[in-house]
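S.K.: My structure is below; once you've seen it, I'll send some questions.
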Amino acid sequence: MIPAGAATASVSTSAVSAARTAADPVSTGAVKTGLAGFSAGNIISDAVFTNKSTMTEAQIQTFFNSKVAKCQTGYVCLKDFKITSVTRPADAYCSGYTGAANESAARIIYRVAQACDINPRVLIVMLQKEQGLVTHTWPSAWRYNIALGQGCPDTAACDPNYIGFFHQIYGAARQMQIYMEGKWFQWYAPGKTWNILYNPSASCGSAPVRVANAATAALYYYTPYQPNAAALRAGYGEGDSCSAYGNRNFYNYFTDWFGSTQAPASTLPLLSSANTSSYVVAVDAAGTVWGYPFAKGVWGNRVSMATGLGSPRAFFGAGDLNGDGRRDFIVVDANGRPSALYGDGSTKLTAPVSLAGDWSGVVNIVPAGDFNGDGVPDLFTTDASGGLYLRAGDDRGGFRAPVLVGSGWSTMSMLVGGIDMNGDGRSDLIARDSTGRLFLYPGNGSGGWGTRAQIGSGWSSMTGIFSPGDFTGNGTPDLLAHTATGALVAYEGRGSAYLASAGTVGSGWQSLLTKASPGAAVTAPRALPAGFGNVDAQVGNDVVALTSTGELRLYGGNGAGSWRSSKVIATGWSPTDKIISLGDFTGDGRSDLGRIDSSGVLSLYPAEGTGFGQPIRIGHGWGGFAQLIGGVDFDGDRKPDVIAVRTDGTMWLYRGNGAGGWQGDSAQIGKGWDVVDLVVNAGDFNRDGRTELIARTKDGALRMYPLTGQGGFGEVQQIGKGWGGFTSLVGPGDFNGDRATDLLAIRSDGVMMLYAGNGKGGWGASTQIGSGWQSIVSLG
Numbered sequence: 001m002i003p004a005g006a007a008t009a010s011v012s013t014s015a016v017s018a019a020r021t022a023a024d025p026v027s028t029g030a031v032k033t034g035l036a037g038f039s040a041g042n043i044i045s046d047a048v049f050t051n052k053s054t055m056t057e058a059q060i061q062t063f064f065n066s067k068v069a070k071c072q073t074g075y076v077c078l079k080d081f082k083i084t085s086v087t088r089p090a091d092a093y094c095s096g097y098t099g100a101a102n103e104s105a106a107r108i109i110y111r112v113a114q115a116c117d118i119n120p121r122v123l124i125v126m127l128q129k130e131q132g133l134v135t136h137t138w139p140s141a142w143r144y145n146i147a148l149g150q151g152c153p154d155t156a157a158c159d160p161n162y163i164g165f166f167h168q169i170y171g172a173a174r175q176m177q178i179y180m181e182g183k184w185f186q187w188y189a190p191g192k193t194w195n196i197l198y199n200p201s202a203s204c205g206s207a208p209v210r211v212a213n214a215a216t217a218a219l220y221y222y223t224p225y226q227p228n229a230a231a232l233r234a235g236y237g238e239g240d241s242c243s244a245y246g247n248r249n250f251y252n253y254f255t256d257w258f259g260s261t262q263a264p265a266s267t268l269p270l271l272s273s274a275n276t277s278s279y280v281v282a283v284d285a286a287g288t289v290w291g292y293p294f295a296k297g298v299w300g301n302r303v304s305m306a307t308g309l310g311s312p313r314a315f316f317g318a319g320d321l322n323g324d325g326r327r328d329f330i331v332v333d334a335n336g337r338p339s340a341l342y343g344d345g346s347t348k349l350t351a352p353v354s355l356a357g358d359w360s361g362v363v364n365i366v367p368a369g370d371f372n373g374d375g376v377p378d379l380f381t382t383d384a385s386g387g388l389y390l391r392a393g394d395d396r397g398g399f400r401a402p403v404l405v406g407s408g409w410s411t412m413s414m415l416v417g418g419i420d421m422n423g424d425g426r427s428d429l430i431a432r433d434s435t436g437r438l439f440l441y442p443g444n445g446s447g448g449w450g451t452r453a454q455i456g457s458g459w460s461s462m463t464g465i466f467s468p469g470d471f472t473g474n475g476t477p478d479l480l481a482h483t484a485t486g487a488l489v490a491y492e493g494r495g496s497a498y499l500a501s502a503g504t505v506g507s508g509w510q511s512l513l514t515k516a517s518p519g520a521a522v523t524a525p526r527a528l529p530a531g532f533g534n535v536d537a538q539v540g541n542d543v544v545a546l547t548s549t550g551e552l553r554l555y556g557g558n559g560a561g562s563w564r565s566s567k568v569i570a571t572g573w574s575p576t577d578k579i580i581s582l583g584d585f586t587g588d589g590r591s592d593l594g595r596i597d598s599s600g601v602l603s604l605y606p607a608e609g610t611g612f613g614q615p616i617r618i619g620h621g622w623g624g625f626a627q628l629i630g631g632v633d634f635d636g637d638r639k640p641d642v643i644a645v646r647t648d649g650t651m652w653l654y655r656g657n658g659a660g661g662w663q664g665d666s667a668q669i670g671k672g673w674d675v676v677d678l679v680v681n682a683g684d685f686n687r688d689g690r691t692e693l694i695a696r697t698k699d700g701a702l703r704m705y706p707l708t709g710q711g712g713f714g715e716v717q718q719i720g721k722g723w724g725g726f727t728s729l730v731g732p733g734d735f736n737g738d739r740a741t742d743l744l745a746i747r748s749d750g751v752m753m754l755y756a757g758n759g760k761g762g763w764g765a766s767t768q769i770g771s772g773w774q775s776i777v778s779l780g
């Protein structure tokens with residue numbers, strides 16, 4: 001309790017003798033029988049005592065609910081208690097309080113904690129140790145009126161100005177700040193040794209205590225007695241006639257309910273890196289981008305990330321747009337024109353860089369995550385006619401031309417994209433319609449949709465809806481929404497697209513122009529994809545093959561480890577030609593085809609949406625190579641290169657310029673490769689963010705050669721043996737849709753096998769996926 005007037009006011013008899021009245025270990029579930037960690041001079045640290053961000057309103061309410069299963073008939077327990085609060089002006093100790101009708105105990109405690117910079121757990125523990133209100137199942141009105149003993153000295157009646165639950169909570173929190181200030185109360189000043197009584201009776205004696213900090217001093221001003229040895233031995237029970245229990249019970253309840261009093265159970269979350277931290281990004285009226293870090297429903301201190309954006313229509317994280325291992329962001333200006341702000345690994349972003357392409361007529365722009373399953377972040381846009389378009393990321397920091405993926409979207413007043421709401425590992429889209437209904441549009445992982453499901457109603461009052469990712473810490477994505485008044489409410493994802501309200505977690509959010517997620521966390525650069533990817537704009541990665549009759553054929557993968565189509569895309573080629581995937585050699589976001597003819601001429605066949613265009617000669621003298629590997633970023637500049645092995649076993653690098661040509665001279669990068677007879681680009685086979693080459697040696701062993709991404713090789717690993725019976729190998733990327741890169745192999749009898757990668761540099765299951773492939777003379 002808080003004594004009136006002087007620091008040495010006597011404690012109430014309840015704090016001295018009736019230890020079990022408000023501290024019943026049976027009703028609380030506490031079983032503490034000793035206090036080995038208790039220090040009379042450091043009951044609680046200043047950092048813990050003043051950490052106002054340890055609990056949200058929703059978490060406080062959940063805690064109260066957990067302590068009382070059912071209140072006795074005719075009584076109102078703390079979990080259900082509500083009262084009209086009173087407006088209090090700001091002063092040097094608290095930032096003030098705007099009164100409101102019908103506020104819950106949890107809301108009052110949360111708001112007071114924020115206003116007076118005190119840990120809400122401190123107020124909860126004080127409610128329990130003073131009147132047992134947290135666990136009481138039949139509390140009378142008087143317990144609420146003097147809930148914390150504020151203004152109620154043991155030697156006189158309570159001050160009428162402090163009667164009532166709200167007055168008790170606000171008054172006590174404010175008083176704690178006055179105590180810690182040390183201006184008016186100096187008797188237990190920290191850093192000094194004080195003789196502190198065991199009991200109001202002087203005959204019980206005292207002992208010297210060196211008070212370590214202001215928070216401990218505040219507790220002694222509140223209850224000016226330390227527990228004696230008998231009280232400490234008794235745990236929650238009664239000691240002897242000289243025992244006092246107030247500060248002992250404070251320590252007991254705090255440590256049993258919330259953990260250590262010396263270090264925050266959950267330290268304030270930090271925005272230490274734009275790449276991996278969990279945070280919300282928002283733009284204020286001044287055009288400044290702020291990052292608001294969070295962890296398990298607790299906010300940290302915001303960090304400025306960029307300035308000078310004016311008044312944008314939208315700002316959001318889009319994941320790693322250019323594959324450099326850093327989070328990037330999209331801003332849409334007042335005229336609807338988008339730009340990208342690229343991360344540099346710190347908390348700062350670059351200045352806006354205008355995005356190429358035709359963005360005229362765009363109404364909404366929202367993140368799409370990796371909607372088409374190619375590993376690169378995408379965007380959704382809508383137009384005035386209600387068309388929904390996918391703008392696939394080009395892996396270079398920009399986006400491809402829009403593709404229509406839906407219609408009738410003009411009825412939707414708000415979109416939330418880039419979220420896996422149903423937990424299937426695929427990016428979904430959430431939309432609110434004009435009647436306030438909330439719908440989930442699940443993505444199928446390859447640019448299409450599953451079955452729409454309604455997941456909410458009554459959302460018309462929300463002026464902002466966005467997903468921060470996993471805000472509450474339960475392992476699933478959540479939604480945050482606010483009304484015109486700016487109260488921010490969390491809606492926790494519970495799996496399978498189910499949402500449950502988790503209470504108010506902020507205020508004043510209406511003043512921010514934009515609010516959004518930073519997108520998927522980025523922990524490593526993204527390797528360039530192997531193979532041709534999706535050539536014909538259908539589901540799944542494809543394979544290009546040249547037959548012994550000179551047909552160039554496209555085999556369409558179904559995205560699940562098998563085939564959906566086969567067609568001839570060119571004829572009249574020579575069976576002595578060689579084909580390779582050059583990767584995105586021209587820089588348009590699609591993988592291109594390379595052909596080396598019998599005269600050694602290398603021709604580029606640029607990808608054109610559903611096939612390949614006319615050839616462009618890009619080299620000669622390429623006929624003498626034993627092995628050719630394309631689409632490899634060997635030097636780390638994000639531009640596909642070609643690696644060639646000569647018959648003498650030397651390996652050479654030909655650096656692509658990212659625009660359909662070459663840069664610099666060729667360079668030798670290895671020797672001794674005459675021991676291998678097949679080498680393929682396997683993509684990121686072990687998920688380390690870099691490309692791996694897989695080579696078969698002439699004794700049939702299979703080896704993995706990881707690239708460093710900086711112009712060298714890592715440690716070679718053998719990953720198989722007995723592969724001598726295969727005539728062709730190719731790395732198609734993720735062929736079976738499990739997000740790990742795979743390998744296809746043709747046996748001498750024409751059987752094609754799928755060897756699924758496990759994403760760790762090894763193998764999953766192998767499956768026969770075709771026969772009659774013995775006519776294939778070159779595979780890419």
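Every letter in the sequence shown is one number past the one before it in full-length UniProt numbering, and letter 434, counting from 1, is 434. Even glycine gets a Cβ: it sits at the ideal position worked out from N, Cα and C. Since the model is a prediction, treat every value here as computed from it, not as a measurement.
#1: Quick check on the burial criterion: 16 or more other C-beta atoms within 10 angstroms. Buried or exposed for D592?
#2: Can you tell me which of R426, A401 and G387 puts its alpha carbon nearest to the alpha carbon of T411?
#3: Kindly list the residues whose CB is nearer than 6 Å to the CB of Q663, restricted to its own chain and excluding five residues on each side of it in sequence; keep chain order.
#4: Run through DSSP, which three-state label would K129 get?
#5: In terms of DSSP beta bridges, what is H482 paired with?
#6: Whole-angstrom Cβ separation of A682 and A530, contact assumed at under 8 Å?
#7: Pairing CB atoms from the stretch 687-701 with CB atoms from the stretch 712-732, are three or more of them under 8 Å?
#8: I believe N275 touches R326 by the beta-carbon criterion, under 8 Å. Please report the beta-carbon distance rounded to the nearest angstrom.
#9: Looking only at DSSP bridge pairs, what is T193 linked to?
#10: Taking just the CA atoms, how far does V505 sit from T691?
#11: Have a look at the DSSP bridge pairing and note the partners of W290.
#12: Could you pull out every residue in the same chain whose Cβ sits closer than 6 Å to the Cβ of R107, ignoring the five residues on either side in sequence?
#13: For S778, which of helix, strand or coil comes out of DSSP?
#14: What whole-angstrom Cβ distance do F735 and G557 have, given they're in contact under 8 Å?
#15: By the 10 Å Cβ neighbour count, where 16 or more other Cβ atoms means buried, how is S260 classified, buried or exposed?
#16: Within the same chain, show all residues whose beta-carbon is closer than 7 Å to that of S66, passing over the 5 residues directly before and after it, in chain order.
#17: How far does the alpha helix (DSSP H) with Q168 in it extend, from its first residue to its last?
#18: Answer with buried or exposed for V11, where buried requires no fewer than 16 other C-beta atoms within 10 angstroms of its C-beta.
#19: For R739 and A40, I'd like the C-alpha separation in whole angstroms.
#20: Considering only residues of the same chain and omitting the five flanking positions on each side of H620, which have a CB-CB separation below 6 Å?
#21: Out of curiosity, what's the CA-to-CA distance linking V331 and D284?
#22: According to the Cβ coordinates, are G182 and A189 closer than 9 Å?
#23: Going by alpha carbons, who is nearest to P732 out of D542, G291, R452 and Y222?
#24: Using the Cβ count rule (16 or more neighbours within 10 Å means buried), how would you classify Y491?
#25: Strictly by DSSP, which residues pair up with R111?
#26: Look up I124 in the DSSP assignment and say whether it is helix, strand or coil.
#27: Skipping 5 residues on each side, what residues in its chain have a beta carbon closer than 6 Å to that of W622?
#28: Can you tell which of P518, F185 and V679 has the C-alpha that lies nearest to the C-alpha of G343?
#29: Could you pull the DSSP bridge partners for V679 from this structure?
#30: So, do the stretch 335-352 and the stretch 424-436 have three or more beta carbon pairs nearer to each other than 8 Å?
#31: I believe S611 touches I569 by the beta-carbon criterion, under 8 Å. Please report the beta-carbon distance rounded to the nearest angstrom.
#32: Kindly list the residues whose CB is nearer than 7 Å to the CB of C116, restricted to its own chain and excluding five residues on each side of it in sequence; keep chain order.
#33: Under 8 Å: do the stretch 669-682 and the stretch 641-650 share three or more Cβ pairs, one atom per stretch?
#34: Is it right to say E608 is buried, meaning 16 or more other beta carbons lie within 10 angstroms of its own, or is it exposed?
#35: Flag Y245 as yes if its beta-carbon sits less than 9 Å from any beta-carbon of chain B, otherwise no.
#36: Alpha carbon to alpha carbon, how far is G762 from T381? Give it in angstroms, no decimals.
M.R.: Quick look at the numbers:
#1: To locate residue 592, count along the sequence shown from 1; it is residue 592. Buried, by the Cβ-count rule.
#2: For the purposes of this step, residue 411 is taken as the residue at position 411 of the sequence shown. Answer by Cα proximity: G387.
#3: In the sequence shown, the residue the question calls residue 663 occupies position 663. Closer than 6 Å at the Cβ level, and outside the excluded window around Q663, lie R655 and N657.
#4: Taking the sequence shown and counting its residues from 1, the one referred to as residue 129 is at position 129. Residue state, collapsed to three classes: helix.
#5: Mapped onto the sequence shown, residue 482 falls at position 482. Partner(s): G464 and L488.
#6: For the purposes of this step, residue 682 is identified with residue 682 of the sequence shown, where counting begins at 1. For the purposes of this step, residue 530 is identified with residue 530 of the sequence shown, where counting begins at 1. With a Cβ gap of about 6 Å, A682 and A530 count as contacting.
#7: yes
#8: If you number the sequence shown from 1, residue 275 lands on position 275. If you number the sequence shown from 1, residue 326 lands on position 326. 6 Å between Cβ atoms; contact.
#9: Translated into the one-based positions of the sequence shown, residue 193 becomes position 193. DSSP lists R210 as partners of T193.
#10: Taking the sequence shown and counting its residues from 1, the one referred to as residue 691 is at position 691. Taking the sequence shown and counting its residues from 1, the one referred to as residue 505 is at position 505. Going by the C-alpha atoms only, they are around 43 Å apart.
#11: For this step, residue 290 is matched to residue 290 along the sequence shown. DSSP lists A282 and S304 as partners of W290.
#12: Translated into positions along the sequence shown, residue 107 becomes position 107. Correct list, in chain order: E57.
#13: To locate residue 778, count along the sequence shown from 1; it is residue 778. It is a strand residue.
#14: Counting from 1 along the sequence shown, the entry for residue 735 is found at position 735. Counting from 1 along the sequence shown, the entry for residue 557 is found at position 557. The Cβ separation is near 6 Å, so the contact holds.
#15: For the purposes of this step, residue 260 is taken as the residue at position 260 of the sequence shown. Flag for S260 reads exposed.
#16: To locate residue 66, count along the sequence shown from 1; it is residue 66. So no residue of the chain qualifies.
#17: Position 168 of the sequence shown, counted from the first residue, corresponds to residue 168. Looking at the DSSP string, the run of the alpha helix (DSSP H) that includes Q168 is F165 to E181.
#18: Here residue 11 refers to the residue found at position 11 when the sequence shown is read from its first residue. Any reading at V11 must be qualified, since the residue scores a pLDDT of 27, below 50, and its modelled position is unreliable; no value is offered.
#19: As a first step, residue 739 must be located in the sequence shown, where it is residue number 739. As a first step, residue 40 must be located in the sequence shown, where it is residue number 40. Using only the alpha carbons, I get a separation of about 57 Å.
#20: By one-based count along the sequence shown, residue 620 stands at place 620. Counting only Cβ-Cβ distances below 6 Å, and skipping sequence neighbours, we find G600 and V601.
#21: As a first step, residue 331 is located in the sequence shown; it is residue number 331 there, counting from the start. As a first step, residue 284 is located in the sequence shown; it is residue number 284 there, counting from the start. Spanning the two alpha carbons is a distance of roughly 13 Å.
#22: Here residue 182 is taken as the residue at index 182 of the sequence shown, counted from 1. Here residue 189 is taken as the residue at index 189 of the sequence shown, counted from 1. Yes, the pair counts as a contact, with Cβ atoms nearer than the cut-off.
#23: Locating residue 732 in the sequence shown gives position 732, counting from the first residue. Ranking D542, G291, R452 and Y222 by Cα distance to P732 puts D542 first.
#24: In the sequence shown, counting from the first residue as 1, residue 491 sits at position 491. That one is buried.
#25: For the purposes of this step, residue 111 is identified with residue 111 of the sequence shown, where counting begins at 1. In the DSSP output, where bridge partners are listed per residue, R111 has none listed.
#26: Here residue 124 refers to the residue found at position 124 of the sequence shown. Of the three classes helix, strand and coil, the one that applies to I124 here is helix, per DSSP.
#27: By 1-based counting over the sequence shown, the position of residue 622 is 622. Contacts found: I596, G600 and L602.
#28: Taking the sequence shown and counting its residues from 1, the one referred to as residue 343 is at position 343. Ranking P518, F185 and V679 by Cα distance to G343 puts P518 first.
#29: Walking along the sequence shown from the start, residue 679 turns up at place 679. A695.
#30: no
#31: As a working note, residue 611 is residue 611 in the sequence shown. As a working note, residue 569 is residue 569 in the sequence shown. At residue 611 the sequence reads Gly, which differs from the Ser that was named. Right, their Cβ atoms sit about 5 Å apart.
#32: Position 116 of the sequence shown holds residue 116. Correct list, in chain order: Y93, C94, A173, R174 and Q177.
#33: yes
#34: To locate residue 608, count along the sequence shown from 1; it is residue 608. Classification of E608: exposed, given that the 10 Å Cβ count is below 16.
#35: Checking the listed chains, one finds no chain B in this structure; it contains a single protein chain.
#36: As a position in the sequence shown, residue 381 is number 381, starting the count at 1. As a position in the sequence shown, residue 762 is number 762, starting the count at 1. The straight-line gap from Cα to Cα measures roughly 39 Å.
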